[in-house]
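Scroll down for the structure; my scribbles are underneath it.
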Amino acid sequence: MEALDLARWQFGITTVYHFIFVPLTIGLAPLVAIMQTAWVRTGNERWLRLTKFFGKLFLINFALGVVTGIVQEFQFGMNWSEYSRFVGDVFGAPLAMEALAAFFVESTFLGLWIFGWDRLNKKVHLACIWAVAIAVNLSAFFILAANSWMQHPVGARYNPETGRAEMESIWAILANNTLWAAFPHAVAAAFLTAGTFVAGIATWWMVRLARTKKPESVELARNVYRPAVILGTVVMLVAGVGVALTGDAQGKLMFEQQPGKMASAEALCEGEEAANFSILTIGDLSNSCEGVRHILEVPGLASYLGTGHFSGPESFLPGVNDVQQEYSERYGETDDDGNAISYTPNLAVTYWSFRLMIGFAAGSALLALAALWFTRGGRVSDNKWLARIGLIAIPTPFLASSFGWIFTEMGRQPWVVAPNPTGIDQIRLLTMRGVSEVVSPGMVLTSMIVFTLLYGVLAVVWYRLIHRYAIEGVPTTVRDESPEAAPDDSDRPLSFAY
Amino acid sequence: MDLALLWFFIIAILWTGYLVLEGFDFGVGMLMSLLPRGRAEHREKERRVLLNTIGPVWDGNEVWLITAGGATFAAFPEWYATLFSGFYLPLLLILVALIVRGVAIEYRGKISDARWARRCDVAIQVGSWVPALLWGVAFANLVRGVQLDEAHQYVGGFWALINPFSLLGGATTLVLFLLHGSVFVALKTDGEIRARARRFAGVLSLVALLVAGGWALWAQLAFSVTWTWAAVAVAALGLVGVALTNRVGREGWAFGLSAVAIVAAVVLIFGSMFPDVMPGLDGGNSLTIAEASSTPYTLTIMTWVAAFLTPLVILYQGWTYWVFRRRLTVDHIPAPAGLTWKKIKESAF
């Protein structure tokens, strides 16, 4: 394998892995903040127990998000230095802003939150977790601003002297319509992930306790876990609707901005009006159109997703062959080395990751509906199938997010910076032009193996800790540790220590 | 003022923030098995005292690195690209070290189990020693100059980064951070461990004077310009000051002065690089500030962002240190709150 392929595999592995922890962090921080707010406002101990319980799970998850995030920032320079040279003037700014405006806040205030239970005034302590919750979402905004620029470059010009992209307007970059579709989509997906996580675990506990038939256990299920089930499922439903609506908006933008991605998502070879949405298509993995056979389709739906029209001339969707022809004319048939350029993304990966994203996201809806039905009117369910659905649902939004990223990044190929078909000229970069020139395949292979093994070990530790803390349940006793509740006792042991 | 020049200063400030702050938490990590003494349970408590001196702040300290990296990407893309692709293997090692270290600090107390704690301690120590050494190696190479081609690509390979000057540079950061960590422990703890940290700092300050002084003289004589003699002098005075103030028990002063020594080292490093960001070996094909920098527009935007946010960051991070200002002793360390890997069956079932 060449350094290019290895660098792409490494980016894929480390990024998909990083984004296991990120959506849970983004969604769970606000949920923990809501639980703690409920405790501070009502004084009801159930919310403090839930805050402590889900707060621990949040921290276990946050740690891995942080350490795998450092790799992301270094990786651009290490493996993709030519990309970095080309885009740095534009792309570096949102990354630096993320660090200054968001990452500093979340890291510092999380430290205050973890260790500050007995040091900070109750409301100040609460404000710390809210600062974290807002900052993690702000992080998502800046990172997606950078990524959206790769999908749809705006606010920049090409400098023919240096051969680099240069920023013209930070406002245009932050107002990129791709960003304003991607950001709510990613945040909604993050809330769906966290809502499912909370609802899934709480449902399992509620059913488990209710099945003991012991009065104190049933009371715990009713008093503590049931409210968490309701909170989680409500978040899931709202986020689920948000994911669908924002995803639809993204589809329409993709049709305008990256027609090749849309066409390959549908495995649509020749452009057509009233294009069908394929539910099952088989191909021969050669990435050629000859092998594609559509087996099960919904009439006109693909056109509707892309254009808003089921039929008629306005419903025309270009196929991958149309895109190949058009892009060859606009951007050249061959690269600098005289090799033909394929403007078609990997059809099998794009097609299936798109469907798996949608399918897995829809999967968690099952839990939301079932859980709301079984807890209606104050009920506490002891239905063991509900508990099973709860557990099965937990990984589905994670998988949906992973496939969503695989889709959007693989569907952008062969570009690392996709050309803006209606906007600025010359700002585009083929992925193969972005890889570092001085880094040998052996070095990339080394780092890929090192990260993959290390990440594998960490995944096992992360899962075991999350599992262990989840089956421990909410703490049996909690107390108000705030300085207001126990003043003038400054030399007591720390309420929390590593 | 020339914006590219301003950003050269800002990058230097961000690295200063990183090395001063994470410098002491690397030092504390390195001390995990050097300082604690006594019976097994007591040692474990002392290790937890050490860990909790940095517990609330280490992650915020590390963000200075993320910011330095991001700011270099934004303000000097060519520097970022050449440096990160050129120093590939050292950076890979640093990344691995930072990953295992961060995870071990956060996960150590989650499980109450002696074997688990030992493993995490190994990860924390390896994760602290390795970057403490490698940052010095990397910066010393920047001072010395590296082999660049006409397109400013690093072409020296990995082994060219390992040379006597860079290894002494690595030893310099290692000793400085160890000293910085020791005076931090002396400042943040009480009881036996405080006394031990002070004794340790006393010895280390002399070792640091020798090692860092030797490297600084070499850097100054071989690679730098006249005015950075001032930085060498300040660093030396700082280390002498650490030795003196530590001896008379002025721990706050000792910590401040060891920070001054690190700041002076950064000034020496960046001062000798100037006006390059990546000096070429023997001056050939150097990548200059002007060549590496972003456009004035990008730099203007970034200047506004940095001007508003950096003081704010310093303010709330400073507040964090104020909130957790109390000295820790073994008596402050509560019983382990972690779970055991196996769940003990509860009565409810």
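Taken in order, these protein sequences are the chains called A and B. Using my numbering, you'd call the opening residue of the first sequence number 11 and step up by one each time. Using my numbering, you'd call the opening residue of the second sequence number 8 and step up by one each time. A virtual CB, placed ideally from N, CA and C, is assigned to each residue, including glycine. Just so you know, these numbers come straight off a predicted model, no measurement behind them.
Exercise for review: Take A:Asp99 and list the residues in its own chain whose beta-carbon comes closer than 7 Å to its own, dropping the five residues that flank it on each side.
Suggested key: Arg174, Ala175, Glu176 and Met177
Point to revise | Whole-angstrom distance between A:Ser179 and B:Phe184, CA atom to CA atom | key: 42 Å
Review point. Are A:Leu154 and A:Ala192 close, meaning C-beta to C-beta below 9 Å?
Key: yes
Review point. At a cut of 8 Å, does the stretch 124-133 of chain A reach the stretch 206-217 of chain A through at least three beta carbon pairs?
Key: no
Check your understanding: In chain A, what lies closer than 8 Å to B:Gly67 by C-beta?
Key -> Phe114, Ser117, Thr118 and Gly121
Practice item. For the stretch 178-231 of chain A, list the alpha helix (DSSP H) runs that are entirely contained and at least 4 residues long, ordered along the chain. Key: 180-184, 187-222 and 225-230
Practice item. State yes or no: is the beta carbon of A:Val460 nearer than 9 Å to at least one beta carbon in chain B? Key: yes
Review point. If A:Ile183 sits next to A:Gly165, beta carbons under 8 Å apart, how far is it from one beta carbon to the other, in whole angstroms?
Key: 4 Å
Point to revise | Integer Cβ distance of A:Ala312 from A:Phe287, believed to fall under 8 Å | key: 4 Å
Check your understanding: Within the 9 Å Cβ cut-off, does B:Ser293 reach chain A?
Key -> no
Exercise for review: Tell me whether the beta-carbon of A:Val239 lies closer than 9 Å to the beta-carbon of A:Met216.
Suggested key: yes
Review point. Are the CB atoms of B:Ala272 and B:Thr180 nearer to each other than 9 Å?
Key: yes
Point to revise | 7 Å CB neighbourhood of B:Ala238 in its chain, flanking five on each side removed | key: Ala271, Val274, Leu275 and Gly278
Review point. What alpha helix (DSSP H) runs, 4 residues minimum, are completely inside the stretch 43-86 of chain A?
Key: none
Practice item. Count the CB pairs spanning the stretch 404-415 of chain A and the stretch 23-36 of chain A that are closer than 8 Å, and state whether there are at least three. Key: yes
Check your understanding: Does the beta-carbon of B:Lys349 have 16 or more other beta-carbons within 10 angstroms, so that it is buried, or is it exposed?
Key -> exposed
**Study point:** Cross-chain neighbours of A:Ile515 in chain B, by beta carbon under 7 Å
**Key:** Past the edges of chain A, shown from 11 to 508, lies residue 515 of chain A, and the structure says nothing about it.
Exercise for review: Give the single residue among A:Ile144, A:Tyr235 and A:Ile30 whose Cα lies nearest to the Cα of A:Gly388.
Suggested key: A:Tyr235
Review point. With B:Glu157 and B:Ala299 assumed to form a contact (beta carbons below 8 Å), what rounded beta-carbon distance in angstroms separates them?
Key: In fact, because the Cβ distance is near 15 Å, the residues do not count as touching under 8 Å.
Check your understanding: According to DSSP, is B:Phe356 helix, strand or coil?
Key -> Note that B:Phe356 scores 44 on pLDDT, short of 50, meaning its location in the model is unreliable and no value can be drawn from it.
Point to revise | Beta carbon proximity, A:Ala109 to chain B, threshold 9 Å | key: yes
Practice item. Return helix, strand or coil for B:Leu181, following the three-state DSSP convention. Key: helix
**Study point:** Extent of the continuous beta strand (DSSP E) run through A:Ala166
**Key:** Ala166 to Asn169
Check your understanding: Could you check where the beta strand (DSSP E) with A:Glu307 kicks off and where it finishes?
Key -> Arg303 to Val308
Review point. According to the Cβ coordinates, are A:Ala198 and A:Asp392 closer than 9 Å?
Key: no
**Study point:** Length-filtered (3 minimum) beta strand (DSSP E) runs lying within the stretch 225-298 of chain A
**Key:** 287-292
Practice item. Determine whether the Cβ of A:Thr61 lies closer than 9 Å to any Cβ atom of chain B. Key: no
Practice item. Give the straight-line distance between the Cα atoms of A:Asn233 and A:Asp490, rounded to the nearest whole angstrom. Key: 19 Å
Review point. What in chain B is Cβ-close to A:Gly102, meaning under 9 Å?
Key: Gly77, Ala78, Thr79, Phe80, Ala81, Ala82, Phe83, Pro84, Tyr87, Ser301, Thr305 and Met309
Review point. For a contact meaning CB atoms closer than 8 Å, what does A:Arg129 contact in chain B?
Key: Val330 and Phe331
Point to revise | Within-9 Å CB hit, B:Phe356 to chain A | key: Summary for B:Phe356: the model assigns pLDDT 44, below 50, so the residue's position carries little reliability; its value from the coordinates is reported in the next sentence. It does: the Cβ of B:Phe356 has a partner Cβ on chain A nearer than 9 Å.
Exercise for review: Would you kindly work out how many angstroms separate the C-alpha atoms of B:Leu28 and A:Ser446, rounded to a whole number?
Suggested key: 32 Å
Point to revise | B:Leu58: contacting residues in chain A (beta-carbon distance under 9 Å) | key: Ala507 and Tyr508
Check your understanding: Which residues, taken in chain order from the stretch 128-147 of chain A, show a beta carbon closer than 7 Å to some beta carbon of chain B?
Key -> Arg129 and Leu130
Point to revise | Counted within 10 angstroms of its Cβ, other Cβ atoms place B:Pro97 as buried (16 or more) or exposed | key: buried
Check your understanding: On the three-state DSSP scale, how would you describe A:Met11?
Key -> coil
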